[in-house]
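Reading through the structure tokens given below for one structure.
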Amino acid sequence: MTEPRVDIDEPVTLAHDGSWPGYLCACAEALNAPEPVPRVVGYDAPLGLFESRMAVARDDGRAAALWDRLTAKAGVPAMRIVLEAFLSERPDARTNAAVVIRRLRRDGAEALRDLADPVVLSVDKAANRSRREAERTTGIARLSELADGSWYAPLEPECDVLPLVADHFAARFAAMRFALHDLRRGRAVLHEPGRPWLLADGFALNRAVSDGEGDGAPGYIDPLMLSSDESRIRDLWRRYFSATAIEGRLNPGLQSAHIPKKYWRLLTEMGRG
Amino acid sequence: MDASTKLSILADAAKYDASCSSSGSARGNAPGGLGNGAVGGICHSWAADGRCVSLLKVLLSNACAYDCAYCVNRRSNDVPRAGFEPEELVRLVIDFYKRNYIEGVFISSAVLGCPDHTMERMIGVAKTLRVRERWNGYLHLKAIPGSSVELVDEAARWADRVSVNVELPSRASLARVAPDKTPAAIFGVMRALARASGFEPRKALPAAEAPDKLALPAPAGSAAEPVPLYAARPAPSGERSVMAARKGRARDPGSAVLPAGQTTQLVVGASPESDATILTLAENLYLAYDVRRVYYSAFMPAGRDPRVPALPGPPLLREHRLYQADWLFRFYGFRADEILGPDRPYLDADLDPKCAWALRNLDRFPVEVNRADYLELLRVPGIGPRSASRIVKARSKARLTADSLKALGVVMKRAAFFVTCSGSAPTLPGSTRRPAPDAAYARAALTDGAALALAPLQMEFDWGAP
Chain R
1 MTEPRVDIDE
11 PVTLAHDGSW
21 PGYLCACAEA
31 LNAPEPVPRV
41 VGYDAPLGLF
51 ESRMAVARDD
61 GRAAALWDRL
71 TAKAGVPAMR
81 IVLEAFLSER
91 PDARTNAAVV
101 IRRLRRDGAE
111 ALRDLADPVV
121 LSVDKAANRS
131 RREAERTTGI
141 ARLSELADGS
151 WYAPLEPECD
161 VLPLVADHFA
171 ARFAAMRFAL
181 HDLRRGRAVL
191 HEPGRPWLLA
201 DGFALNRAVS
211 DGEGDGAPGY
221 IDPLMLSSDE
231 SRIRDLWRRY
241 FSATAIEGRL
251 NPGLQSAHIP
261 KKYWRLLTEM
271 GRG
Chain L
1001 MDASTKLSIL
1011 ADAAKYDASC
1021 SSSGSARGNA
1031 PGGLGNGAVG
1041 GICHSWAADG
1051 RCVSLLKVLL
1061 SNACAYDCAY
1071 CVNRRSNDVP
1081 RAGFEPEELV
1091 RLVIDFYKRN
1101 YIEGVFISSA
1111 VLGCPDHTME
1121 RMIGVAKTLR
1131 VRERWNGYLH
1141 LKAIPGSSVE
1151 LVDEAARWAD
1161 RVSVNVELPS
1171 RASLARVAPD
1181 KTPAAIFGVM
1191 RALARASGFE
1201 PRKALPAAEA
1211 PDKLALPAPA
1221 GSAAEPVPLY
1231 AARPAPSGER
1241 SVMAARKGRA
1251 RDPGSAVLPA
1261 GQTTQLVVGA
1271 SPESDATILT
1281 LAENLYLAYD
1291 VRRVYYSAFM
1301 PAGRDPRVPA
1311 LPGPPLLREH
1321 RLYQADWLFR
1331 FYGFRADEIL
1341 GPDRPYLDAD
1351 LDPKCAWALR
1361 NLDRFPVEVN
1371 RADYLELLRV
1381 PGIGPRSASR
1391 IVKARSKARL
1401 TADSLKALGV
1411 VMKRAAFFVT
1421 CSGSAPTLPG
1431 STRRPAPDAA
1441 YARAALTDGA
1451 ALALAPLQME
1461 FDWGAP
């Protein structure tokens, strides 16, 4: 019987549960680990052949403590970039952001200037991607008025942008009761006038409708749920939208370069509802 | 007439105004109110012509007393006429805004009777939106040339941005094409707007004798003053670029009065002025009135009016190149006389103006990316403000190579002609060749697709023909 071979290069990884606090806890563990620095991966990442993986439990207090320590060292703008990279859901963005967190702790915000380094650059690009997707979402979210006077907007963002856009909508529509529903991730920002917004997992506009089959595509709203004015105003908006294009300069290529077709499904003016 | 038909007519009549931006205002929401400003502006959709839709852009009425040859709403044109009741428009803005269709509204109007009466009607809608509806979204009002200073000031109190259009690039063309508008009427409003947003136009007056000065009628309580109009000559070399001049200007997006300042627009191709004349005028407007944007609108031939040319289509390529040159003013530190001059009155159809400039100034290249300052980097084709600032950041940590430039977002197929990385020239993407900028193929390699995409619609018009 032979001894099991011990490979000193055997990669150790730290797994997090996919939530932001869970991720920060795995990063905290990585910060305390000796060299070589373990990689931070999601629970659901495929296990490598020689990988030895350790699951790190989510502990919101520990996550908050790390966030505060890092923010004190690197400043809010740098930490916002880390959060944006995390939310981008790009392959490797979270693993790379964990490496960047280590450098932020050592060098402060200065570490993010090293854009010639592929890891820092990939985090910077992932953060840009989230930021752009959040900006796009602030423009293309379409709210519908429901019969009870509340408002509902279905979304399908490429990145997990709800935490990045909630403040914007809460300030703008402060007096409205609304839900911004990320259909891909099943989460929603819920806002009531006069209260801070909440992020709710497992949201559905109307369980009875969405549990049944055949009630249309995701984001579909039963016309019975809509306010009496809703369809008239949607028609006016479509009328405006088609009248504002100049016939002599039609340029569908340019249009879909600005707003790729995958987003059209939820846009009132592109035919929805 | 039902609301839907009215909306179609009045949106159709307003769509030739190119101003779409909703940036520059940080107006906050009020307790119990609706909406706020987003400093960077937000695009909400893109129409079939590829232009962004940010504001509900409509006329209050399209029944115009004026007869400007380039304008679809001119008195002599046979189009259906309509007008909003103020209350209808207010309702529309609120309904669209709550659904996040729009960032705000851009209200313009045909001239109803006299300029002041028209302004009063637009101000009425603005006031209702702001006061009764407590609406704080983005409000762009069009000022009518010749309106009184008091009304322009009042418009500035409610709006985030007010604009008055220069329309034509010379006094002679204005007199021929838009006979009801005068330079004094247009520039008088522009001056009032500059003041309302906290910019004193007098300070920007060039000391030298401009050939084309005009004494504007004196506003109450002050002396008449000369204002630069359609200056045929560019600002003297050594004068600061638009970008440099703007750096020193304090702007407050949170200001209650006109936080987003003023813009203007001129029609391209309805009159014989060259690109050089247009760009020189634009530069003067940026410097003298702190205009935030100059929009260039390709003339859309609409109907047969002998005062304007019968073009086969709008000069879109020319408009595109003018916008590119305009970007060079505002974000790249170029001056008009670097881009065009009396010996070179038109922009190159095949090259973007920055490439064209670089090929004329090869003595300034190659630029060493590990040493050159930000402004020098900005002058390199293929490097923009974003990649230039990334280069400056990244090289403080490591020496940059051709590969790192590419990773930082530099367009190497253009930049390769004009840079070195630690002394060596990068190869062109997809080849082992090191490009020499004076090589015969440089011009061909730098040609972009704009002429191909936009030129079929553009034809020469012989201005000398009877």
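These protein sequence lines are chains R and L, in that order. For what it's worth, this note's numbering labels the leading residue of the first sequence as 1, then goes sequentially. For what it's worth, this note's numbering labels the leading residue of the second sequence as 1001, then goes sequentially. Quick reminder that beta carbons are idealized off the backbone N, C-alpha and C, glycines included. Keep in mind it's a predicted model, so treat the numbers as computed, not measured.
Consult DSSP for residue i and reduce its assignment to one of helix, strand or coil.
i	result
R/PRO154	strand
L/TYR1286	helix
L/ARG1390	helix
L/TYR1441	helix
R/SER130	helix
R/VAL82	helix
L/VAL1268	strand
R/GLY219	coil
L/LEU1322	helix
L/SER1061	strand
L/VAL1367	strand
L/LEU1034	strand
R/LEU47	coil
L/ARG1344	strand
L/GLY1449	coil
R/GLU35	coil
L/GLY1083	strand
L/ARG1157	helix
L/ASP1067	coil
L/ARG1091	helix
Just checking my contact of residue i with residue j at CB under 8 Å: how many whole Å lie between their CB atoms?
i	j	result
R/LEU180	R/ALA153	5 Å
R/ASP167	R/ARG185	With a Cβ gap of about 19 Å, R/ASP167 and R/ARG185 do not count as contacting.
L/ALA1155	L/ILE1186	That pair is no contact at about 15 Å.
R/LEU250	L/ALA1048	5 Å
L/ALA1082	L/ARG1075	Incorrect: roughly 15 Å between the Cβ atoms, too far for contact.
Should residue i be flagged as near chain R, meaning a C-beta pair shorter than 8 Å?
i	result
L/ALA1048	yes
L/LYS1393	yes
L/ASN1100	yes
L/LEU1214	Because the pLDDT at L/LEU1214 is just 45, under 50, the model does not fix this residue reliably, and the point stays unresolved.
L/GLY1083	no
L/GLY1254	no
At what residues does the alpha helix (DSSP H) containing residue i begin and finish?
i	result
L/SER1004	1003-1012
L/SER1170	Run containing L/SER1170: none; DSSP gives neither H nor E here.
R/PHE178	Taken as a continuous stretch (DSSP letters only), R/PHE178 belongs to no alpha helix (DSSP H), being part of the beta strand (DSSP E) at 178-182.
L/ALA1358	1353-1360
L/GLY1188	1183-1196
R/CYS25	20-32
L/ALA1402	1402-1407
L/GLY1124	1115-1127
R/TRP67	60-74
L/TYR1374	1374-1378
L/GLU1338	1336-1339
Using a Cβ cut-off of 8 Å (strictly closer), state whether residue i contacts chain L.
i	result
R/TYR240	yes
R/HIS258	yes
R/THR95	no
R/GLY22	no
R/LEU266	no
R/ALA174	yes
R/TRP237	yes
R/ARG106	no
From the DSSP output, read off the bridge partner residues of residue i.
i	result
L/TYR1138	L/GLY1104
L/CYS1421	L/SER1424
R/SER52	R/VAL12
R/HIS258	Answer by DSSP bridge pairing: none, since R/HIS258 is not bridged.
R/HIS191	R/PHE178
L/GLN1262	L/VAL1162
L/SER1045	L/VAL1053
L/TYR1295	L/GLN1265
R/LEU320	Residue 320 of chain R lies beyond the residue range present for chain R, which begins at 1 and ends at 273; the question has no answer from this structure.
Does residue i get closer than 8 Å to chain A when you measure Cβ to Cβ?
i	result
L/ASP1153	The chain labelled as chain A is not found among the protein chains of the depicted structure, namely R and L.
Which residues bound the beta strand (DSSP E) around residue i?
i	result
R/GLY42	39-42
L/SER1163	1161-1163
R/LEU104	Careful: R/LEU104 lies outside any beta strand (DSSP E), inside the alpha helix (DSSP H) at 93-107.
R/LEU199	198-200
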